[in-house]
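Q: Have a look at this one.
Numbering (full-length UniProt numbering), first residue to last: 1 to 866.
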């Protein structure tokens, strides 16, 4: 045997790339030379994050690190090189172009292909699959054509993980979306009937129409009885279902499962499993001892695994075997986690409860739209698996506990906190045993991570590099940070892996330089291409330091969900519109205007807790016309969608109230007009009370002002919400000028130094020196920055412009506002209404748990594996 042997890898997906990386990292002696033959023209990319491609259409962002093996002369990567034949006797493979490659070992990493049921019409040009970047490009072209047709509708055949991902993509394109699923509920492979029923309801609540218990019988072009006008375009098909119903759509996506790409193995005479896939033993060796199979093409002891985690494990096993090891494929982790527009879904371990004599502990809350189930051993001590729907916050802690003895009462791990339970997430990573698997994708245990920390890994990036934990789906990254903290390792305040600086440091960089774009900032001071943490954060910093419109140029692509459309997206996909009412003041003419708009657009109206009128149920394409009428009526954006000043609440003060000591209304109006549009790390709320009776509830606000006989008391850093905090007195008996000056300084100090998404109350708690230090900075100018803070605020005041008006005056910005829920001038059938007090309001079944703007905004799926 020669000192150097040749291993040929057929396929260069995520698993094939993992095998090459594992082999090369361990082969210190240079025993193996690697040749990779890839049918795809793209080098290995992140297929798990495929849906992210629909947000940026940049293929380079999905490229796996090191996928070109630059500088490694022992790896020969051939892209666009399909293999036509395997000659087992000669130990060669022949490509479609006639090239021949010798091998000492052959690794099949051909993956799988999207299964398309042989229904009549499945090969029509309207039909697509959801598997590769090219597939998504084709779907995008079809969706854009559909938007210009009379039928802007998409249908997805299959309601599993890929089906929901495909539905999410179609919805993001602006199509009315239908999901057609044979099982009684969505994600039948992961969900039990109860969890699936809740998931069905929640997905319907997002405006996606769900048809369960149906199969597709045919797909046929729609026959028109009379020709369309030249200006009309309708190239649609009718998807007929076995229950007699049908869906007319312009785009059809098959997501009915996958099948192993085992055709080369079949031709070579290798043993094939009954349902497809190349049969291997636990060492991933096929019926030919020189040929291995990994990933989705491998039927390990007869079973194929469609998740990336088991695929990576098989790659590691083969790399070990080629270097003389004895690794075997362990019991795989089939856990999955999905987030679709705020709907959290997770399953782990024996989620379906197939273990004999197992026990179930279930908490099903249809009011809060949450479902949690733990599957336990017959003695109720060992966790076997579980399902989480609606709230998957406990997933990171519960999944590693599978096969371990529980630390306490099982019900306490999933019961809502309101019932007195701490919950699984409160236990943290410290409650897990060392054998707990933290990263299922790469089979990394808590013990492995602790060993790496002892070896010098002192931050998340070094842990990821050393152990590979968190380098695949990324869902375990929060646990890595928790473990570092639990082990006493002080953590960096880096914003994310792309910026080593904190948010405060980036603010100073932007302020001190001429950089006005994210690309310019990351090029000079960061690495990579950014993520959903740093992009909206930098967008906020840029907005806080400039009067540029948030949808101008590159900034538009950085914004989070609500800022994309300058309105709050609701759970059914419609939007709410909140015009500003400074201090709660509103004229009769403005009241009439709001009423007319709500009537004309059939909107639900409500008085908010911040003394404004909210209008619910608008489609994206209706927003500009609503704004136009409001702006022409003298109103402007109330900024209810932004991380910025929301409202300044007030009582009637000395103008009307016999107890009022100061004019609280006039002060509230002045303050709201001064700070309107001010972008910050989080939303800001204010209030002004005209006397100590506190009718405006100022002490629960970020900035609270209470009148005294001598002037005003200034309270700061109060927050409502999940963790209510009373504001604290910063200074007392202030005159108007001093009050405004102190608020200027306070706000600018907070905006410059707070962390991402940190409200004023936790910011003050984390501030060295606490309230005393804050008072020294704001009132005593201990840092010598008061003049700079006030100057910055004056620039903001001078540069303010209504963001709604900015869209109306710019045709390019206006072009963003296309229908998102359904076609223009068509009522959305997913929004049901009931009568309440003689008026239409959303039906009870339409309401879902409140979600953050980011969760409910532009579609984003975070899926552990598929």
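Even for Gly, the Cβ is constructed at its ideal location relative to N, Cα and C.
Check whether the segment 281-297 touches the segment 174-185, counting contact only when three or more Cβ pairs, one atom from each stretch, lie closer than 8 Å.
A: No, the segment 281-297 is not in contact with the segment 174-185.
Q: Within the chosen definition, does the segment 679-693 reach the segment 701-712 through at least 3 CB pairs nearer than 8 Å?
A: Judged by Cβ distances under 8 Å, the segment 679-693 makes contact with the segment 701-712, as three or more pairs qualify.
Q: Would you say the segment 69-78 touches the segment 23-32, given that touching needs at least three Cβ pairs under 8 Å?
A: Touching, yes, given that three or more Cβ pairs across the two stretches are closer than 8 Å.
Q: The beta strand (DSSP E) spanning residue 616 covers which residue range?
A: Looking at the DSSP string, the run of the beta strand (DSSP E) that includes residue 616 is 613-618.
Q: I need the straight-line Cα distance from residue 390 to residue 195, nearest angstrom please.
A: Using only the alpha carbons, I get a separation of about 9 Å.
Q: Going by C-alpha distance, which of 552, 443, 675 is nearest residue 333?
A: Closest by alpha carbon: 443.
Q: Tell me which same chain residues have a C-beta within less than 7 Å of the C-beta of residue 598, skipping the five on either side of it?
A: Hits under 7 Å: 605, 615.
Q: Can you name the residues that DSSP bridges to residue 802?
A: Its beta-bridge partners do not exist; DSSP assigns none.
Q: How is residue 35 classed by DSSP in three states: helix, strand or coil?
A: In this structure, residue 35 counts as strand in the three-state DSSP scheme.
Q: Using a 10 Å radius around the Cβ and a threshold of 16 neighbouring Cβ atoms, would you call residue 137 buried or exposed?
A: Exposed.
Q: Which two residues bound the contiguous beta strand (DSSP E) that contains residue 524?
A: Note, residue 524: premise wrong, no beta strand (DSSP E); alpha helix (DSSP H) at 518-525.
Q: Can you name the start and end residues of the beta strand (DSSP E) that residue 549 belongs to?
A: Run containing residue 549: none; DSSP gives neither H nor E here.
Q: For my contact list, residue 521 and residue 510 are in at a C-beta cut-off of 8 Å; report their separation, rounded to the angstrom.
A: Contact flag correct, Cβ pair sits at about 7 Å.
Q: Cβ of residue 247 within 8 Å of Cβ of residue 253?
A: Contact: no.
Q: Where do the N-terminal and C-terminal ends of the alpha helix (DSSP H) with residue 266 fall, by residue?
A: Unbroken alpha helix (DSSP H) run through residue 266: 263-267.
Q: So, at 6 Å on beta carbons, what are the nonlocal neighbours of residue 719 in its own chain, with the 5 sequence-adjacent residues on each side left out?
A: Answer for residue 719: 725, 759, 761, listed in chain order.
Q: Taking just the CA atoms, how far does residue 319 sit from residue 5?
A: Whole-angstrom Cα-Cα distance: 14 Å.
Q: Give the straight-line distance between the Cα atoms of residue 913 and residue 112, rounded to the nearest whole angstrom.
A: Because residue 913 is not part of the residues shown, which for the chain are 1 to 866, the question remains open.
Q: Is it buried or exposed, residue 448, if we count other Cβ atoms within 10 angstroms and call 16 or more buried?
A: Residue 448 should be labelled buried.
Q: Note down, in chain order, each residue of its chain lying with its Cβ closer than 6 Å to the Cβ of residue 844, except the 5 sequence neighbours on either side.
A: With a pLDDT of only 38 at residue 844, under 50, the local geometry of the prediction cannot be trusted, and the value read off the model is given with reservation. Hits under 6 Å: none found.
Q: Pull up the distance between the alpha-carbon of residue 880 and that of residue 690, whole angstroms please.
A: Residue 880 lies beyond the range of the chain shown here (1 to 866); nothing can be said about it.
Q: Excluding five sequence neighbours on each side, which residues of the same chain lie with their C-beta closer than 7 Å to the C-beta of residue 95?
A: Counting only Cβ-Cβ distances below 7 Å, and skipping sequence neighbours, we find 37, 81, 82, 83, 84.
Q: Output the distance between the C-alpha atoms of residue 367 and residue 198, rounded to the nearest integer angstrom.
A: Their backbone Cα atoms lie some 11 Å apart in a straight line.
Q: Mind pulling the beta strand (DSSP E) runs of 3 or more residues that sit fully within the segment 274-326?
A: Those beta strand (DSSP E) runs which fall completely within the segment 274-326 and span 3+ residues are 278-280, 291-293, 298-300.
Q: If you reduce the DSSP assignment to three classes, tell me which class residue 385 lands in.
A: Looking at residue 385 - three-state DSSP - the assignment turns out to be strand.
Q: Which stretch, first to last residue, makes up the alpha helix (DSSP H) that contains residue 671?
A: Per DSSP, residue 671 belongs to the alpha helix (DSSP H) from 664-675.
Q: So does the segment 154-174 actually touch the segment 85-92, counting three or more Cβ pairs closer than 8 Å?
A: No, they do not touch.
Q: Please list, in chain order, all residues of the same chain as residue 53 whose beta carbon is under 8 Å from its beta carbon, the five residues on each side excluded.
A: So the qualifying residues of the chain are 59, 61, 62, 133, 136.
Q: For residue 607, which beta-bridge partners are listed by DSSP?
A: DSSP, once it has assigned bridges, lists 613 as partnering residue 607.
Q: Count Cβ pairs between the segment 778-798 and the segment 737-745 that sit closer than 8 Å; are there 3 or more?
A: With a cut-off of 8 Å, the segment 737-745 and the segment 778-798 count as touching, because enough Cβ pairs lie within range.
Q: From residue 24 to residue 270, what distance separates their C-alpha atoms?
A: Approximately 27 Å, taken between the alpha carbons.
Q: Which residues share a DSSP beta bridge with residue 783?
A: Bridge partners of residue 783: none, in fact.
Q: In the DSSP assignment, what are the bridge partners of residue 712?
A: The partner list for residue 712 (beta bridge, DSSP) reads 707, 734.
Q: Taking the beta carbon of residue 263 as the centre, do at least 16 other beta carbons fall within 10 Å, making it buried, or is it exposed?
A: Classification for residue 263: exposed.
Q: Please state the DSSP three-state secondary structure of residue 686.
A: Note: residue 686 maps to strand in three-state DSSP.
Q: Which class does residue 260 belong to by DSSP, given the choice of helix, strand or coil?
A: Looking at residue 260 - three-state DSSP - the assignment turns out to be strand.
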